[in-house]
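Asks: Before I ask anything, let me first share the structure, which is written out below as structure tokens.
Numbering (mature numbering (1 follows the signal peptide of the UniProt record, and there is no 0)), first residue to last: -24 to -1, 1 to 624.
So this is what it looks like as structure tokens:
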């Protein structure tokens, strides 16, 4: 993996609390409903994509039932056996509940019952998880986040077999397992539950959903509006450096719906975590829709959850993979299970957009719920139309006034520019104002590194974020943007960065041959003003579209300006002289520079410097306006990385 780095001397060229009156509810009443189950039963054998999905789930669950139930004493981080086993248990239990409702086979209900009572027997004596890394340790898992995952899915399983269980069995499960579990992730861990963050969204959904099944008004209130007196002092940090409590902090489900989402449906943490959070957002909103439609949770903030699905789809490349903004894992796409759920629900509860059906076709599976059935029927009946991803400007911030993400697309994603001028993005944000990445079809041309983590690989830091996420991935020099004096934007101080955002100057995608996005940043480096304008241009004299990048900088002082371009591929040609060292040394000592090996250094050409490479079977050329005083560095990621945690 290579970095083209230039050293320039640039010249100026509220919602109120209301009591809930829960009606005595029938079951199932969360995601499944009696009427929805009846429709699915009536259509079994008549809707190919639904039948395919049903058969696939049945095969998975039957295989697990044949293996028997294992609920081991927790001890492992992500990727370890106990973690993965408990994770698999809640996935399979939820699916078994759906099968019981659709097929009526009691073996699925018995399987869930037996599993739940194994957990009931162990939970009352279960201590905190032995791994102490998390700011909110769980019991079944190393963090409350994963415990909340468990309860979101197990709530659905319990709901599906509620009427199968005796009154005494329900009493035992609710008294010894579900209520203590809900209290643990909320009352006993307010630093996890009572904030605005994707972690809290999972906790809130978990408490709210089990509350709905149990008809427990107190838990529903807690989920919607948070804990009134949490005993937390202002300040405190989570494992990613995010602030746990700020002055005037809101809490509960409505706060988590309103603050992270912009009116356009963009989630401030970025598409990777938007994908992750969309499942609990949508599932709990749907559960509330089925139980308390008067609150209009699914329609809250002008249908922002449904807009969020469209925003996510537009933040993907031609292969459906999400742009790795902030802490984003490369390769995560709209083929993931959470997006199958999101797309089906958006289709059914939105305006039945036939373009969404083309995404459903690509996904090749549907949710085993009324919305999935409707989507599968639409596909069967030939209603699908191509999903057209054009250029889009997605605002950031609760009111859409904290910067945003501009995506310029030429043709059928022949060339795609992703320009970031957003807010910090909570604790998963990077210090990369006015950064960009460039794609041709689904291939990265100039890349965003994303996160430094091997998800669910226990041998790599327990599958959690690595220290290189802080020392490299979040740093300014790790991105295609301007770094000054080898320092990070905002000095790398989260509390400072969280107070600022870039400003949109213009966005214009109205013309086919010229599309422009431009934004300014004046807070990343005190006394320095940056203005970056990027345009995707298609001229008749050129076979393909090209990218024009203009960075204008003014400052109160003389500085070293570093402007990197992270290309992927093999060097082919250039028009400048450079020298390669006999031994490799890092470019600097800190702020990400310590992770870059210098493989070559040269001087720029007066007027025009060119650099060409071969990537993904195509030739690319970077042409720069330079003068003879500019230095050119050829560097490679991987210095000071003895455990090989960074991609090379």
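Using N, Cα and C, we set each Cβ at its ideal position, and we do this for glycine too. Everything numeric in this text was worked out from a predicted model, so none of it was measured.
Which of the three DSSP states is assigned to residue 155 in this structure?
Replies: Reduced to three states, the DSSP call for residue 155 is helix.
Asks: So for residue 28, helix, strand or coil by DSSP?
Replies: Note: residue 28 maps to helix in three-state DSSP.
Asks: Could you check if residue 90 is buried or exposed, using at least 16 other CB atoms within 10 Å of its CB as the buried criterion?
Replies: Result: exposed.
Asks: Kindly indicate which residue of 187, 182, 264 and 193 has the alpha-carbon position closest to the one of residue 253.
Replies: That would be 182, whose Cα lies nearest to the Cα of residue 253.
Asks: For residue 592, does the count of other Cβ atoms within 10 angstroms reach 16, so buried, or fall short, so exposed?
Replies: That one is exposed.
Asks: Should residue 595 be labelled buried (16 or more other beta-carbon atoms within 10 Å of its own) or exposed?
Replies: The residue in question, residue 595, is exposed, as its Cβ has fewer than 16 Cβ neighbours within 10 Å.
Asks: Whose C-beta lies closer than 8 Å to the C-beta of residue 33 among residues of the same chain, with five residues either side of it excluded?
Replies: Within the same chain, residue 33 has close Cβ partners 71, 74, 75 and 344.
Asks: Rounded to whole angstroms, what's the CA-CA distance from residue 310 to residue 101? Just pull it up for me.
Replies: Rounded to the nearest angstrom, the two C-alpha atoms are 40 Å apart.
Asks: Check whether the region 383 to 397 touches the region 497 to 511, counting contact only when three or more Cβ pairs, one atom from each stretch, lie closer than 8 Å.
Replies: Yes: the two stretches touch, three or more of their Cβ pairs being nearer than 8 Å.
Asks: How about residue 438 and residue 54: do their beta carbons lie closer than 9 Å?
Replies: A contact, by the Cβ cut-off of 9 Å.
Asks: On a CA-only basis, which of 337, 404 and 167 is nearest residue 249? Give me that one, please.
Replies: For residue 249, the nearest C-alpha among the options comes from 404.
Asks: Within this structure, are the beta carbons of residue 609 and residue 423 separated by less than 9 Å?
Replies: No.
Asks: Starting from the Cα of residue 6, find the closest Cα among 484, 285, 477 and 187 and give me that residue.
Replies: Nearest option by C-alpha distance: 187.
Asks: At which residue ranges does the region 165 to 194 contain complete alpha helix (DSSP H) runs of 4 or more residues, listed in the order of the chain?
Replies: Counting only runs of 4 or more, we get 166 to 169 and 174 to 190.
Asks: From the DSSP output, read off the bridge partner residues of residue 460.
Replies: Looking at the DSSP assignment, residue 460 forms a beta bridge with 463 and 537.
Asks: Quick one: Cα of residue 63 to Cα of residue 132, how far?
Replies: About 15 Å.
Asks: I need the straight-line Cα distance from residue -15 to residue 238, nearest angstrom please.
Replies: In this prediction, residue -15 scores a pLDDT of 32, lower than 50, which makes its location untrustworthy; the coordinate-derived value is nonetheless stated afterwards. Using only the alpha carbons, I get a separation of about 35 Å.
Asks: Below 9 Å between beta carbons: does that hold for residue 234 and residue 276?
Replies: Contact flag set, yes.
Asks: When you compare the region 307 to 326 with the region 290 to 298, are there three or more beta-carbon pairs, one atom per stretch, that lie closer than 8 Å?
Replies: Yes, they touch.
Asks: Expressed to the nearest angstrom, what Euclidean distance is found between the alpha-carbon atoms of residue 597 and residue 399?
Replies: Distance between the alpha carbons of residue 597 and residue 399 is about 31 Å.
Asks: Whose C-beta lies closer than 6 Å to the C-beta of residue 560 among residues of the same chain, with five residues either side of it excluded?
Replies: So the list reads 573, once near-sequence residues are dropped.
Asks: Out of 527, 521 and 503, state which residue places its alpha-carbon closest to the alpha-carbon of residue 534.
Replies: Of 527, 521 and 503, the residue nearest in Cα terms is 503.
Asks: Whole angstroms are fine: how far does the CA of residue 191 sit from the CA of residue -1?
Replies: Bear in mind that a pLDDT of 42 at residue -1, under 50, signals an unreliable position, so the model cannot answer this.
Asks: Does residue 61 come out as helix, strand or coil in the three-state DSSP assignment?
Replies: Looking at residue 61 - three-state DSSP - the assignment turns out to be helix.
Asks: Closer than 8 Å is the cut-off here; do at least three beta carbon pairs connect the region 548 to 558 with the region 420 to 436?
Replies: The answer is no - the region 420 to 436 does not touch the region 548 to 558, with fewer than three Cβ pairs under 8 Å.
Asks: Would you mind working out which of 495, 356, 373 and 545 sits nearest residue 21, comparing C-alpha positions?
Replies: Nearest C-alpha to residue 21: 356.
Asks: So residue 489 packs on residue 368, CB below 8 Å; how close in whole Å?
Replies: At roughly 18 Å, the Cβ-Cβ gap does not stay under 8 Å, so residue 489 and residue 368 are not in contact.
Asks: How would you label residue 68, buried or exposed, when you count the other beta carbons within 10 angstroms and need 16 or more for buried?
Replies: Looking at its Cβ environment, which holds 16 or more other Cβ atoms inside 10 Å, residue 68 is buried.
Asks: Does the count of Cβ pairs from the region 251 to 271 and the region 213 to 220 closer than 8 Å reach three?
Replies: Contact fails: fewer than three Cβ-Cβ distances are below 8 Å.
Asks: Would you say residue 263 lies against chain B (beta-carbon separation less than 9 Å)?
Replies: Looking at the structure shown, chain B is missing, and only one protein chain is on hand.
Asks: Between the Cα of residue 421 and the Cα atoms of 480, 138 and 589, which residue gives the shortest distance?
Replies: When each option's Cα is compared against that of residue 421, the closest is 589.
Asks: Just verifying my parser: in three-state terms, what is the DSSP assignment at residue 558?
Replies: In this structure, residue 558 counts as coil in the three-state DSSP scheme.
Asks: Please report the distance separating the alpha-carbon of residue 606 from that of residue 579.
Replies: Answer to the nearest angstrom: the Cα atoms are 6 Å apart.
Asks: Answer yes if the region 188 to 207 comes into contact with the region 146 to 165, meaning at least three C-beta pairs across the two stretches below 8 Å, and no otherwise.
Replies: Taking 8 Å as the limit for Cβ pairs, the verdict is that the region 188 to 207 does touch the region 146 to 165.
Asks: In this structure, does DSSP put residue 124 in helix, strand or coil?
Replies: Of the three classes helix, strand and coil, the one that applies to residue 124 here is helix, per DSSP.
Asks: Does residue 256 pass the burial test, meaning 16 or more other C-beta atoms within 10 Å, or should it be called exposed?
Replies: The residue in question, residue 256, is buried, as its Cβ has 16 or more Cβ neighbours within 10 Å.
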